[in-house]
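Worksheet: one structure, shown below.
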Amino acid sequence: MRLFAEPRLQLEVDVDMSLLDERPLDETPVPEAPEQEPIEEQVPFRPRALVRSERVELLLAVASGVTGSAVMCLLFDWTQPLTFAIWALLLFLGSTYLLARDSQSPIVATDRLITTLVWTSGGIAVSVLLWMLGYVVVKGIAGLNFEYLTSDLSKVGPLDDGGGVFHAIVGTLEQMLIASVLSIPIAILTAVYLHEIRGRLAGIVRFVIDAMSGLPSIVAGLFIYTVWVLQGRGPSGLAAGLALAILMIPTVTRTAEEMLKTIDDGLRESALALGAPQWRSVMQVVLPTARSGLITASILGVARAVGETAPVLLTAFGSSSINWSPFNGPQADLPLYIYQLLRQPNPAQIARAWSGALVLVLLVLILFVLARVIGERGARVRGGSR
Amino acid sequence: MTTVQSPQTAETPAANRQVVSSEILPEELHPSSRIDATDVTCWFGKRKVLERCTLSMEPGEVTALIGPSGCGKSTFLRSLNRMHELVPVAAIAGTIELDGVDIYSEEMSPTEVRSRIGMVFQKPNPFPAMSIADNVLAGLSLSGMSNEDPKALVEQCLRRAGLWAEVSDRLNEGGMSLSGGQQQRLCIARALAVHPDVLLMDEPCSALDPISTRVIEQTIRELCEEITIVIVTHNMQQAQRVSDKCAFFLVESIGDPGRIVEAGPTTQVFENPSDPRTYDYVTGQFG
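Chains C and R, in that order, are what the protein sequence lines are.
Throughout, the working numbering is defined as the position within the first sequence, counted from one, plus 4.
Throughout, the working numbering is defined as the position within the second sequence, counted from one, plus 15.
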């Protein structure tokens with residue numbers, strides 16, 4: 005409001021001055037400065053914030069949900085916490101609706117119910133994720149130390165302490181690198197074919213890619229096992245990389261295609277109107293503009309492949325000692341390490357498996373952040389301000 | 016040098032333009048070219064959107080294409096540099112000659128046509144992944160040309176587009192950081208960098224505010240000395256302000272293809288049109 009108030013005051017001064025101008029000079033009194041009325045500090049309010057009565061209703065709904073469920077648990081002798089939680093949630097939603105219907109109207113109540121439902125669903129998704137992550141951290145943090153990260157299992161007996169995950173980390177990184185190098189260029193070029201070139205076979209290619217994305221990972225593993233491992237080449241990290249690449253291609257392709265769809269057609273037309281052949285327009289304009297989206301697509305592909313156990317089991321076989329070469333001999337990787345240790349009947353091995361799970365989660369996190377940083381930096385170097 | 020951007024340029028054009036051409040422009044600049052379109056008919060699939068349009072766009076002149084929405088002006092413009100055919104179902108008949116050579120013949124490739132006949136679009140669309148300077152130079156690498164002195168070319172093109180004074184200290188910032196009007200002038204500079212003989216403009220000011228529009232109109236008047244310009248516009252005053260020649264497109268009744276009703280010097284089309292339909296349109300009685 006301050007913005008409006010000041011020009012208005014200014015205007016009054018102008019009017020006074022113009023009247024004064026017609027008087028003889030000597031009689032002109034010094035014009036008094038108009039008195040500034042003190043402007044009250046305004047109190048902002050947020051129209052969408054919960055008002056008091058709504059807060060009370062929310063509290064009441066929560067209370068009735070919790071107490072109702074508690075009473076039911078006592079009455080029927082239910083002991084599972086999950087049962088309690090589900091009933092509490094249902095009673096909470098029911099009372100939210102009823103309270104709003106009584107205090108306002110059925111329409112408002114339905115609106116509130118849906119809103120609450122959406123919030124609750126989001127909350128449940130996040131809390132399950134946090135619960136799971138927390139579980140992995142709690143179980144795995146104890147065994148996580150420098151020695152664990154830098155040694156393998158080759159000299160560790162089943163009941164010994166020590167030993168580590170280093171060989172599995174090396175295996176995972178090498179296999180993911182191979183799979184990414186093989187699959188990401190193919191996938192992005194396929195996306196270019198589907199959306200930029202729109203060739204005659206685009207429909208068929210898209211269908212095949214969709215079918216591939218539903219391919220069970222063990223089938224990809226079996227395929228490489230049959231055509232590669234069994235053909236005298238033996239298990240290796242490279243074989244695992246091949247199987248994982250098959251799994252990554254559909255994910256990266258479809259996501260990359262969606263990203264290309266978001267690029268304004270005007271940019272393509274401008275590039276062509278400057279006399280560019282289509283391949284230059286794609287390489288110099290479309291792909292650089294879609295850069296961060298393409299990085300996202302690649303990240304999703306890596307995320308799909310990094311947690312796969314079955315194809316690696318069939319192609320790299322796993323190993324308890326370090327194998328630096330991905331081209332020769334069995335190699336471990338993190339999911340396989342976890343799987344193999346968890347099946348052993350002694351607590352030391354199971355504890356190592358949990359630590360391995362934590363390492364896998366952290367590794368994925370680091371890769372994601374790294375990819376994002378690279379993408380952002382690229383955008384900033386080019387001076388994009390979006 | 017500042018006269019290029021100053022608003023006074025429009026009022027005293029001749030003298031300033033002389034200064035501009037002698038100091039900034041390279042000597043080997045193309046002489047202006049002409050485009051002759053004869054009996055151009057355009058289809059999208061089976062729908063005929065334009066029928067037997069014949070129009071000559073003279074060297075060094077600004078030709079304005081006017082008419083109500085959907086009358087085929089943009090289609091006609093896009094057929095002039097082979098952008099029409101980017102729609103897969105598009106088809107065309109008739110001849111379009113650039114300095115006597117049919118642009119649809121085998122003597123010219125689409126990419127050559129497009130680098131000789133540049134285009135500026137309705138919506139300003141600098142390349143987001145490039146800096147201002149890279150945007151200007153984009154056409155060179157995109158069309159496989161090279162330039163010994165890219166810095167000078169950037170300056171020259173930005174000056175000709177009337178943008179140099181505003182961006183000379185931030186050439187490495189992103190093109191999207193500019194305002195709408197500046198972005199459009201950047202697109203003009205980008206189109207100029209490949210030294211086109213003709214510049215097509217598809218409603219270049221319709222997304223801009225009046226001040227930016229004025230600057231761009233000034234730029235058009237300055238450019239037309241060296242380059243042939245064809246502009247589509249919905250704005251009748253703009254057509255009068257910038258064009259030497261005017262072609263009025265019209266769809267007679269729904270479903271018909273668009274045709275050129277009248278073409279001639281702008282003053283004649285606006286002040287003394289020979290066709291009553293043109294009179295009705297330019298005096299605002301319909302459309």
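Glycine included, each C-beta is placed from N, C-alpha and C at the ideal position.
If you're wondering where the values come from, they're calculated on a predicted model, not measured in any experiment.
Would you kindly work out how many angstroms separate the C-alpha atoms of Tyr119(R) and Thr56(R), rounded to a whole number? 13 Å
So is Thr255(C) in contact with chain R if we call contact Cβ pairs under 9 Å? no
Give every residue of the same chain whose Cβ lies closer than 6 Å to the Cβ of Pro143(R), excluding the five residues on either side of it in the sequence, and list them in chain order. Met191
N-terminal and C-terminal residue of the alpha helix (DSSP H) that Phe391(C) is part of: Any question about residue 391(C) goes unanswered here, given that chain C covers just 5 to 390.
Looking at Gly273(R) and Gly87(R), is the spacing between their C-beta atoms short of 9 Å? yes
Looking at the structure shown, is Ser71(R) part of a helix, part of a strand, or coil, going by DSSP? strand
Would you say Gly147(C) reaches chain R, if we count a Cβ-Cβ gap shorter than 9 Å as a contact? no
Name the DSSP beta bridge partners of Ile235(R), please? According to DSSP, which records beta bridges pairwise, Ile235(R) is partnered with nothing at all.
List the endpoints of the continuous alpha helix (DSSP H) containing Gly225(C). 221 to 231
Taking Cβ-Cβ distances shorter than 7 Å, what residues in chain C pair up with Lys138(R)? Gly270
At the level of alpha carbons, what is the spacing between Ser324(C) and Asn332(C)? 15 Å
In its own chain, which residues sit with a C-beta less than 7 Å from the C-beta of Ala254(R), not counting the 5 before and 5 after it? Ala79, Ile81, Thr248, Cys261, Thr281
Residues that DSSP places opposite Gln282(C) in a beta bridge: Per DSSP, none; premise fails for Gln282(C).
Going by DSSP, what residue range makes up the alpha helix (DSSP H) through Thr100(C)? 85 to 107
Could you say which of Leu186(R), Ala208(R), Val128(R) lies nearest to Gly279(C) if we only look at CA atoms? Val128(R)
Using the C-alpha atoms, what's the distance from Ala224(C) back to Val1(C)? In the structure displayed, chain C extends from 5 to 390; residue 1(C) sits before or after that span and is not available.
Any C-beta of chain R sitting closer than 9 Å to the C-beta of Ala275(C)? yes
Burial state of Glu38(R) (16 or more Cβ within 10 Å): The predicted model places Glu38(R) with a pLDDT of 43, which falls under 50 and marks its position as unreliable, so this point remains unresolved.
Evaluate the contact criterion for the region 339 to 346 of chain C versus the region 121 to 133 of chain C: three or more CB pairs, one atom per stretch, below 8 Å. no
Spatially closest choice to Ile15(R) from Ala153(R), Ser48(R), Leu173(R), by CA coordinates: Residue 15(R) lies beyond the range of chain R shown here (16 to 302); nothing can be said about it.
Tell me the residue span of the alpha helix (DSSP H) that contains Ala176(R). Note, Ala176(R): premise wrong, no alpha helix (DSSP H); not H, not E.
Can you pull out the residues from the region 241 to 267 of chain R whose beta carbon lies closer than 9 Å to at least one beta carbon of chain C? none
Would you call the region 204 to 213 of chain R and the region 151 to 165 of chain R in contact, with 3 or more CB pairs under 8 Å? yes
When the Cα atoms are used, what is the spatial distance from Ser71(R) to Asp259(R)? 12 Å
Anything in chain R within Cβ reach of Val160(C), meaning under 7 Å, just list it in chain order. What Val160(C) touches in chain R: nothing, since even the nearest Cβ is about 51 Å away.
In whole angstroms, give me the CA-to-CA distance for Pro51(C) and Ala67(C). 26 Å
Please decide whether Glu127(R) counts as near chain C, where near means a Cβ-Cβ distance under 9 Å. yes
What does Arg205(R) reach in chain C if we use C-beta pairs closer than 9 Å? Ser274, Leu278
Below-9 Å beta-carbon distance, Gln288(C) vs any chain R residue: yes
Status (buried if at least 16 other CB within 10 Å, exposed otherwise) for Trp179(R): buried
What's the call for Asp212(R), buried or exposed, on a 16-neighbour Cβ count within 10 Å? buried
Using a Cβ cut-off of 9 Å, which residues of the region 152 to 163 of chain R contact any Cβ in chain C, in chain order? Ala153, Gly154, Leu155, Ser156, Leu157, Ser158, Gly159, Met160
Cut-off 8 Å between Cβ atoms - residues of its own chain near Pro239(C), not counting five sequence neighbours on either side: Val233, Thr319, Ala320, Phe321, Gly333, Pro334, Gln335
Closer than 7 Å by beta-carbon distance: list the chain R residues that pair up with Pro292(C), in chain order. Ala144
Assuming Ser217(C) and Thr259(C) make a contact with CB atoms under 8 Å, what is their CB distance in whole Å? With a Cβ gap of about 10 Å, Ser217(C) and Thr259(C) do not count as contacting.
Would you mind reading off the limits of the alpha helix (DSSP H) that contains Thr293(R)? 291 to 297
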